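For the protein sequence lines, the chains are A and B, in the order given.
Terminal number for the first sequence in this note's numbering: 363, no gaps in between.
Terminal number for the second sequence in this note's numbering: 318, no gaps in between.
All C-beta atoms, glycine included, are put in the ideal place defined by N, C-alpha and C.
For clarity, every value in this text was computed on a predicted model and none was experimentally measured.
What follows is a short report on a single structure.
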Amino acid sequence: MSGGTVDIDEYEDVWVFIEEHDGDVAQVSWELLNEAQSLVEQKDSERLVALVIGEDVEDIADKALARGADQVLVADDPVFEPYRADPYGEQFRHMVEERQPDIVLIGGTTTGRDFAGRVAVPAYAGLTADCTEIGIGPDGHLEARRPAFGGDILATIKCEQHRPQMATIRPGVFEAAPPADDSDGEIERVETVISEEETLTEVLERDIGETADITDAERIVAVGGGCDGDLEPVTELAEALDAELAASRKAVDEGWIQHARQVGQTGKTVRPELYVAVGISGAVQHLEGMNDSDVVVAINNDPNAPIFENADIGIVGDLFDVCPALAKRLQDADDPQEVIA
Amino acid sequence: MTNEWTVVVGIKQVPDADDVSIDPDTGTLNRSDAAAVLNPPDRNALEAGLEIKDGVDAEVIAISMGPPGATDVLETAVAMGCDDGVLISDRAFAGSDTWPTSLTLAEGADYFDADVVICGEETTDSSTGQVPPGIAAHKGWAQLTYVEELEPRPEDDQLVAQRDVEGGYERVAADLPVVVAVGYGENHPRPAGLHRKIFAENDFEPDVLDADDLGIDKDIVGLPASPTKVGGQETVESVEREGDIVDDVDELAAKLEEVTV
């Protein structure tokens, strides 16, 4: 492997990886495609290219055009379904080395974070993990910002002498744009460079339930370790508020709630109008994922929990009492008969 | 008797996250004052490595890349039950980002002819999670990340893992050698046994391997060979919140109705 640097002027386009599983596109892909358009404008003149890898993914390529891609590169082959790191990494690496993009953005999902290194290492690219802000610096290089040490610090990572400049981006930090009615981009099918015989892994079984998307929710009720595995009170409150259920890492690690609903570092970033934290102490890793919420409410039995310093409204009390009582009050208030009475 | 599998567990000494302060004048992290601890997710990696011994005749070796003297984490690994612990240390490694770090650990694993390399999900001091896939990529080995459970299949030279994926899980069989990143908190790390602990503290002295020992060209490690550089850091301003503590549910409901109309 060469240790030298590259002629960075030969690298031009901005690439966005479109993550697809079983025909569904991960929302973060559309968020990145939208955000990447501003990078293309800041850099001036290069194209925005979407990469679609999977089997029978023509319709997803069309969607990527409608979402703003100038070009869509499609690697369509049974070897890519379901997802595996080794064939994805090999195909992606080949395309990067052949076509030399300047910037490559990948959603920071378990999939994106799994294979990004398999591209960056052989390509000798700079790879920054879990970014929450991106922009082009005055020197023309990508400035990828990421929280460090639980979010107290925002570090700017740059890659000045290697290409491409790669980054995985945390889901939910950028907004997706709606698809356009028409688009004039082009779709190009690329050659598959890996065969089933060359793969190192075999998926024996996949069990995917309903994948929740909490990043778009206007209201969220989030639960932490305080619920002790009993989700009934928070589910009731979430229904009364017409809110999505979310969780702290603790509740996810305990297996009470699926990872797709985790807020914070290693989870999702959310920015709802209302965020109700129930039985969540408020570790910085959690706050990092929700501190852009408009109004934060804290329900916790520990008056010293840090969540209270990070909430607009707080109540010190047992969540098993507060949640049902609050849910009842809210439902009663919604009932016009009660208001009249 | 030779062992069927060699399992190498990559572990790291990190500053205690609860102990890292921010210099109020410069806004930069003050890591030097913090106590050095074993990266917490690495305990899950050590446990997963030691559990392989339950089903396979395996030797488990902990390796750690760090400054000279960063051997306490290796002592912990040996006390938990690892057969050996080795420090990988060289001035040339200083300032490495994930690219040369994963190269160095890959060569470290190769030095021991590893069949299985196990790491924690990520480190608490840099939180990239990029090193395990990086190790696999440098060597062209299979990888299994976000692993919940391992099932060795020595008869097929395969390791099967249950992995966490968005919305569910999957079971994947990987050819050896394979790099595993164990999900943080996915198993219950065993406490150190008393005799093993006494041995680790009194009699264990880790070998030290440098770049030459591992056959690593010093031009492709360290800060100069790292594609990414930290271009600056700033303290995140905390969001100002009202901090209004209410006395009862009635008041809470009233306030909520104000903000949700």
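Roughly how many angstroms separate the alpha carbons of B:Leu313 and A:Pro255, rounded to a whole number?
Within the second sequence, the letter at position 256 stands for residue 313 of chain B. Within the first sequence, the letter at position 233 stands for residue 255 of chain A. Each residue's alpha carbon lies about 17 Å from the other.
Listed by chain order, chain B residues near A:Asp108 by CB distance under 7 Å:
For the purposes of this step, residue 108 of chain A is taken as the residue at position 86 of the first sequence. Simply Ala199.
The beta strand (DSSP E) spanning A:Ile242 covers which residue range?
The sequence position of residue 242 of chain A within the first sequence is 220, counting from 1. Start and end: 241-245.
Taking its Cβ as the centre, do 16 or more other Cβ atoms sit within 10 Å of B:Pro72, making it buried, or is it exposed?
Position 15 of the second sequence, counted from the start, is the residue given in the question as residue 72 of chain B. Flag for B:Pro72 reads buried.
In angstroms with no decimal places, state the Cα-to-Cα distance between A:Trp52 and A:Gly90.
One-based indexing of the first sequence puts residue 52 of chain A at position 30. One-based indexing of the first sequence puts residue 90 of chain A at position 68. For A:Trp52 and A:Gly90, the distance between alpha carbons rounds to 9 Å.
Between the alpha carbons of B:Gln219 and A:Gln280, how many angstroms are there, rounded?
Stepping through the second sequence from its first residue, residue 219 of chain B is reached at position 162. Stepping through the first sequence from its first residue, residue 280 of chain A is reached at position 258. For B:Gln219 and A:Gln280, the distance between alpha carbons rounds to 15 Å.
Closest to A:Arg228 by CA distance: which of B:Leu271, B:Gly126, B:Glu227, B:Val77 is it?
Taking the first residue of the first sequence as position 1, residue 228 of chain A is located at position 206. For the residues B:Leu271, B:Gly126, B:Glu227, B:Val77, the minimum Cα distance to A:Arg228 belongs to B:Glu227.
Near A:Leu341, what residues of its chain come up, given a Cβ to Cβ distance below 8 Å and the 5 sequence neighbours on each side ignored?
The sequence position of residue 341 of chain A within the first sequence is 319, counting from 1. Gly248, Cys249, Pro255, Val256, Val300, Gly301, Ile321, Asn322, Asn323, listed in sequence order.
Please list the segments of the beta strand (DSSP E) lying wholly inside the segment 58-85 of chain A, counting only runs of 3 or more residues, in order along the chain.
70-76
By the 10 Å Cβ neighbour count, where 16 or more other Cβ atoms means buried, how is A:Asp334 classified, buried or exposed?
The residue you call residue 334 of chain A lines up with position 312 of the first sequence. It counts as buried.
Please classify B:Trp62: is it buried, with 16 or more other beta-carbons within 10 angstroms of its beta-carbon, or exposed?
Taking the second sequence and counting its residues from 1, one reaches residue 62 of chain B at position 5. So B:Trp62 ends up on the buried side.
Hey, is A:Gly207's beta-carbon within less than 8 Å of any beta-carbon in chain B?
Translated into positions along the first sequence, residue 207 of chain A becomes position 185. No, no contact with chain B.
Taking B:Lys312 as the query, report the chain A residues whose CB atoms sit under 7 Å from its CB, ordered along the chain.
Taking the first residue of the second sequence as position 1, residue 312 of chain B is located at position 255. What B:Lys312 touches in chain A: Ile335.
Could you confirm whether any beta carbon from chain B is found closer than 8 Å to the beta carbon of A:Gln287?
Residue numbering aside, residue 287 of chain A sits at position 265 when the first sequence is read from its first letter. For A:Gln287, the answer is yes, since a Cβ of chain B falls inside 8 Å of its Cβ.
Delimiting residues of the alpha helix (DSSP H) encompassing B:Gly106:
Here residue 106 of chain B corresponds to residue number 49 of the second sequence, with the count starting at 1. Where B:Gly106 is concerned, the enclosing alpha helix (DSSP H) stretches over 97-112.
Measuring straight from C-alpha to C-alpha, what distance separates A:Ile175 and B:Ser159?
Taking the first sequence and counting its residues from 1, the one referred to as residue 175 of chain A is at position 153. Taking the second sequence and counting its residues from 1, the one referred to as residue 159 of chain B is at position 102. Approximately 25 Å, taken between the alpha carbons.
Residue(s) in a DSSP beta bridge with B:Arg228:
Here residue 228 of chain B refers to the residue found at position 171 of the second sequence. In DSSP, B:Arg228 forms a bridge with A:Glu227, B:Gln219.
Minimum Cβ-Cβ distance from A:Val36 to chain B less than 8 Å
Taking the first sequence and counting its residues from 1, the one referred to as residue 36 of chain A is at position 14. With 8 Å as the cut-off, A:Val36 does not count as an interface residue toward chain B.
Which residues of the segment 227-239 of chain B have a Cβ closer than 7 Å to any Cβ of chain A? Give them in chain order.
Glu227, Arg228, Val229, Ala230, Ala231, Asp232
Which residues share a DSSP beta bridge with B:Met122?
Translated into the one-based positions of the second sequence, residue 122 of chain B becomes position 65. According to DSSP, B:Met122 bridges with B:Ile145.
Spell out whether any CB of chain A is found under 8 Å from the CB atom of B:Asp214.
Translated into the one-based positions of the second sequence, residue 214 of chain B becomes position 157. Not an interface residue.
Is it right to say B:Glu291 is buried, meaning 16 or more other beta carbons lie within 10 angstroms of its own, or is it exposed?
Counting from one through the second sequence, the residue named residue 291 of chain B turns up at place 234. The residue in question, B:Glu291, is exposed, as its Cβ has fewer than 16 Cβ neighbours within 10 Å.
Determine the chain B residues that contact A:Asn323 at a beta-carbon separation under 9 Å, and present them in chain order.
The count along the first sequence starts at 1 and reaches residue 323 of chain A at position 301. Near A:Asn323 there are no residues of chain B at all, since even the closest Cβ is about 13 Å away, more than 9 Å.
List, from N- to C-terminal side, the beta strand (DSSP E) runs of 3 residues or more that fit wholly inside the segment 284-317 of chain B.
286-292, 301-303
Assuming B:Tyr203 and B:Gly240 make a contact with CB atoms under 8 Å, what is their CB distance in whole Å?
By one-based count along the second sequence, residue 203 of chain B stands at place 146. By one-based count along the second sequence, residue 240 of chain B stands at place 183. Contact holds; Cβ gap of about 5 Å.
Exposed or buried, which one is B:Leu280 when buried takes at least 16 other CB atoms within 10 Å?
Locating residue 280 of chain B in the second sequence gives position 223, counting from the first residue. Exposed, by the Cβ-count rule.
So which residues on chain A does B:Thr180 lean against when the C-beta distance must stay under 9 Å?
As a first step, residue 180 of chain B must be located in the second sequence, where it is residue number 123. What B:Thr180 touches in chain A: nothing, since even the nearest Cβ is about 11 Å away.
Through-space distance from A:Val143 to A:Val74, alpha-carbon basis:
Against the first sequence, residue 74 of chain A aligns to sequence position 52. Against the first sequence, residue 143 of chain A aligns to sequence position 121. If I take the Cα positions, the gap works out to 21 Å.
Closer than 8 Å to chain B by CB, A:Asp250
Indexing the first sequence from 1 puts residue 250 of chain A at position 228. Not an interface residue.
At 7 Å on the CB atoms, spell out the chain A contacts of B:Gly288, in chain order.
Looking up residue 288 of chain B in the second sequence gives position 231. What B:Gly288 touches in chain A: Glu165, Thr178, Ile179, Lys180.
How about A:Ala151 and A:Ala262: are their beta carbons less than 8 Å apart?
Residue 151 of chain A sits at position 129 when you count from the first residue of the first sequence. Residue 262 of chain A sits at position 240 when you count from the first residue of the first sequence. No, the Cβ-Cβ distance between A:Ala151 and A:Ala262 is not below 8 Å.
Do A:Gly162 and A:Leu149 come within 8 Å of each other at the CB atom, strictly closer than that value?
Residue numbering aside, residue 149 of chain A sits at position 127 when the first sequence is read from its first letter. Residue numbering aside, residue 162 of chain A sits at position 140 when the first sequence is read from its first letter. For A:Leu149 and A:Gly162, no; Cβs fall outside 8 Å.
How would you call B:Leu271, buried or exposed, if buried means at least 16 neighbouring beta carbons within 10 angstroms?
If you number the second sequence from 1, residue 271 of chain B lands on position 214. Buried.
Just to confirm my understanding: we take B:Asp129, look at its own chain, exclude 5 residues before and 5 after, and list those with CB closer than 8 Å. What are they?
Sequence index remark: in the second sequence, residue 129 of chain B carries index 72 (1-based). Once the five neighbours on either side are set aside, the close Cβ partners of B:Asp129 are Gln70, Ala93, Leu95.
Using the C-alpha atoms, what's the distance from A:Val141 back to A:Gly111?
Mapped onto the first sequence, residue 111 of chain A falls at position 89. Mapped onto the first sequence, residue 141 of chain A falls at position 119. Between A:Gly111 and A:Val141, the C-alpha separation is close to 5 Å.
Same chain, Cβ closer than 7 Å to B:Asp170, five either side skipped, listed in chain order:
Taking the first residue of the second sequence as 1, we reach residue 170 of chain B at position 113. Taken in chain order, the residues that qualify are Thr63.
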